[in-house]
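Step one of this worksheet: look at the structure below.
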Ligand SMILES: Cc1cc2nc3c(=O)[nH]c(=O)nc-3n(C[C@H](O)[C@H](O)[C@H](O)COP(=O)(O)OP(=O)(O)OC[C@H]3O[C@@H](n4cnc5c(N)ncnc54)[C@H](O)[C@@H]3O)c2cc1C
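In our numbering, the protein residues as written are 55 to 554.
Now the structure itself:
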């Protein structure tokens with residue numbers, strides 16, 4: 055197994071896309087198989103050092119940033135093991151690049167829906183963070199597509215965890231390693247908000263052990279193999295980027311598109327059963343006026359009047375339903391006063407790619423800006439129940455205006471989940487932005503929201519996880535961690551401090 059110790063060669067493993075400063079490590083292991091992972095962990099234990107799992111480093115919460123010890127990089131465990139088209143399953147090692155996996159499934163007319171905007175991430179990283187993306191509006195997060203995992207625990211024991219094998223009896227969860235060791239866990243007692251949510255360990259009475267490992271951000275084990283569910287590739291796709299002159303019109307359009315899409319999915323739509331059914335967006339994404347201006351250089355045809363921002367939507371169709379659904383979308387767009395003539399629509403693959411690239415340009419430009427200025431990312435990842443969403447957005451705007459903070463707001467408006475990113479220049483401005491951020495978190499929590507709907511807690515949002523679940527909740531997570539990693543080897547400092 056390759057091991058790198060030269061600091062010039064490992065510098066790339068000391069950070070992630072959050073730009074969190076201060077990461078350092080003694081060495082990086084590059085395992086090529088499970089035995090290598092076991093050997094790397096054995097060395098870490100023997101030397102009493104921590105081990106941080108690394109995917110592609112696109113994480114936005116500092117999860118893979120090591121503070122000492124060793125890094126276990128999964129980039130050489132990158133085999134796409136198989137795609138079983140009949141069973142609609144894919145099996146990959148953790149270092150497979152998500153975009154490449156999806157390309158392969160699509161060649162076989164199969165879709166793997168999880169789509170964090172940044173597709174250079176590794177499948178292992180997306181499982182460790184339970185990442186989401188635009189299509190989560192229809193299909194749910196990564197968790198919804200994971201059927202089986204292999205995991206190496208800190209002591210080198212291996213676990214095979216198919217969905218359904220280890221299921222909690224109430225709050226009592228028993229898992230078994232391949233060596234036959236039984237580990238008893240108590241499921242934490244906090245209640246997760248019933249909205250899009252990715253903060254802290256998944257916890258629910260009667261839960262499946264696989265859900266505990268999904269989203270555990272490298273703190274409970276190293277994921278070495280993943281089996282995913284796949285679905286048939288939709289026959290056709292209709293996408294649009296619709297611009298608006300004012301925000302109330304944008305929000306009214308979204309409210310109706312969201313409500314009708316949700317009703318179509320649950321079968322509650324009065325139009326379901328009609329010839330083509332009602333609209334059902336699979337993605338409903340927002341880009342505000344400031345964010346449009348951030349990418350205007352790259353997309354000069356953004357209309358000057360688009361002060362209400364833009365909504366990017368995707369609608370799956372069939373040859374039979376396409377025309378009717380296009381008409382329904384157009385009627386909705388016109389009725390809400392969108393800048394319809396200046397908006398962009400497309401039904402081909404190339405159009406779809408162009409619109410995805412447009413949406414992706416926003417977080418990419420944010421990342422470039424903060425990197426250029428050496429700024430640690432200050433970006434919200436909160437989601438709230440639908441009835442509180444407009445209120446939270448108004449609070450963001452009010453706070454940014456009151457404190458004169460430069461910002462862009464964009465994201466997964468279908469899931470009531472926006473990223474408000476604050477740009478800072480001076481240390482004083484940074485401090486102010488952090489204080490305002492804290493106020494936004496408090497408001498979202500008071501509304502029954504979550505501190506993180508998709509990026510996870512990492513090392514940057516630990517204090518907010520504490521604010522969300524309290525000392526008792528964190529203690530519940532520590533007990534789980536203690537049972538699976540008694541020496542606190544893995545993912546040290548991620549989610550919570552192991553400590554006491
Ligand atoms: C421009 C941009 C846009 C983005 N948009 C979205 C978005 O829309 N939605 C979204 O959810 N995310 C988004 N992200 C975040 C990011 O892509 C995800 O968090 C991604 O899933 C992390 O994968 P990675 O391979 O880069 O993991 P890394 O960043 O390397 O690691 C992330 C965490 O997972 C752990 N980990 C990694 N591999 C393993 C493993 N094999 N076993 C155990 N633990 C492991 C690490 O220790 C760390 O805690 C975006 C990022 C960027 C840069």
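Yeah, the Cβ is synthetic: ideal placement off N, Cα and C, and Gly gets one too. From a predicted model like this one, the values you see are computed outputs, not experimental measurements.
With burial defined as no fewer than 16 other Cβ atoms inside 10 Å of the residue's Cβ, what is the status of residue i: buried or exposed?
i: residue 370; result: buried
i: residue 76; result: exposed
i: residue 403; result: exposed
i: residue 163; result: exposed
i: residue 366; result: buried
i: residue 289; result: exposed
i: residue 242; result: buried
i: residue 334; result: buried
i: residue 308; result: buried
i: residue 69; result: buried
i: residue 547; result: buried
i: residue 390; result: buried
i: residue 355; result: exposed
i: residue 138; result: exposed
i: residue 329; result: Reliability of the predicted coordinates at residue 329 is poor, the pLDDT of 47 falling under 50, and the value obtained from them is presented with this limitation in mind. So residue 329 counts as exposed.
i: residue 245; result: exposed
i: residue 320; result: exposed
i: residue 304; result: buried
i: residue 383; result: buried
i: residue 528; result: buried
i: residue 90; result: buried
i: residue 271; result: buried
Just confirm the distance between the C-beta atoms of residue i and residue j, as a whole number of angstroms; I'd bet it's less than 8 Å.
i: residue 108; j: residue 99; result: Rounded, the Cβ-Cβ distance is 19 Å, inconsistent with contact.
i: residue 555; j: residue 364; result: Only positions 55 to 554 of the chain appear in this structure, which leaves residue 555 out of reach.
i: residue 184; j: residue 268; result: 5 Å
i: residue 196; j: residue 181; result: 6 Å
i: residue 399; j: residue 331; result: Between residue 331 and residue 399 the Cβ distance is about 20 Å, and since that is not below 8 Å, they are no contact.
i: residue 206; j: residue 276; result: 5 Å
i: residue 489; j: residue 434; result: No, residue 489 and residue 434 are not in contact; Cβ-Cβ is about 14 Å, not under 8 Å.
i: residue 221; j: residue 194; result: That belief does not hold up - the Cβ atoms of residue 221 and residue 194 are roughly 20 Å apart, past 8 Å.
i: residue 112; j: residue 200; result: Contact flag wrong, Cβ pair sits at about 19 Å.
i: residue 360; j: residue 393; result: 6 Å
i: residue 511; j: residue 123; result: Rounded, the Cβ-Cβ distance is 19 Å, inconsistent with contact.
Relative to the C-alpha of residue i, which residue among the options is closest?
i: residue 544; options: 58, 274, 513; result: 274
i: residue 466; options: 142, 255, 383, 249; result: 249
i: residue 432; options: 73, 63, 55, 59; result: 73
i: residue 140; options: 218, 521, 285, 503; result: 285
i: residue 483; options: 503, 469, 461; result: 461
i: residue 217; options: 259, 265, 319, 246; result: 265
i: residue 421; options: 478, 129, 189; result: 478
i: residue 493; options: 454, 470, 525, 510; result: 454
i: residue 135; options: 377, 146, 126; result: 146
i: residue 262; options: 227, 104, 381; result: 227
i: residue 126; options: 312, 524, 81, 219; result: 81
i: residue 121; options: 253, 110, 105; result: 105
i: residue 240; options: 247, 413, 446, 229; result: 229
i: residue 480; options: 427, 89, 297; result: 427
i: residue 449; options: 501, 173, 318; result: 501
i: residue 165; options: 174, 152, 252; result: 152
i: residue 476; options: 278, 457, 55; result: 457
i: residue 231; options: 442, 411, 168, 215; result: 215
i: residue 238; options: 549, 540, 552; result: 540
i: residue 178; options: 155, 291, 57, 526; result: 155
i: residue 444; options: 379, 338, 301; result: 301
Going by DSSP in three states, residue i sits in which element: helix, strand or coil?
i: residue 163; result: coil
i: residue 66; result: helix
i: residue 235; result: coil
i: residue 309; result: helix
i: residue 362; result: coil
i: residue 514; result: coil
i: residue 468; result: helix
i: residue 119; result: coil
i: residue 28; result: The displayed coordinates of the chain run from 55 to 554. Any statement about residue 28 would go beyond what the structure contains.
i: residue 390; result: coil
i: residue 220; result: coil
i: residue 127; result: strand
i: residue 356; result: coil
i: residue 84; result: strand
i: residue 433; result: strand
i: residue 347; result: helix
i: residue 146; result: strand
i: residue 74; result: coil
i: residue 302; result: helix
I want to see whether chain B comes within less than 9 Å of residue i, judged by CB atoms only; does it?
i: residue 318; result: Absent from the structure: chain B. Only one protein chain is present.
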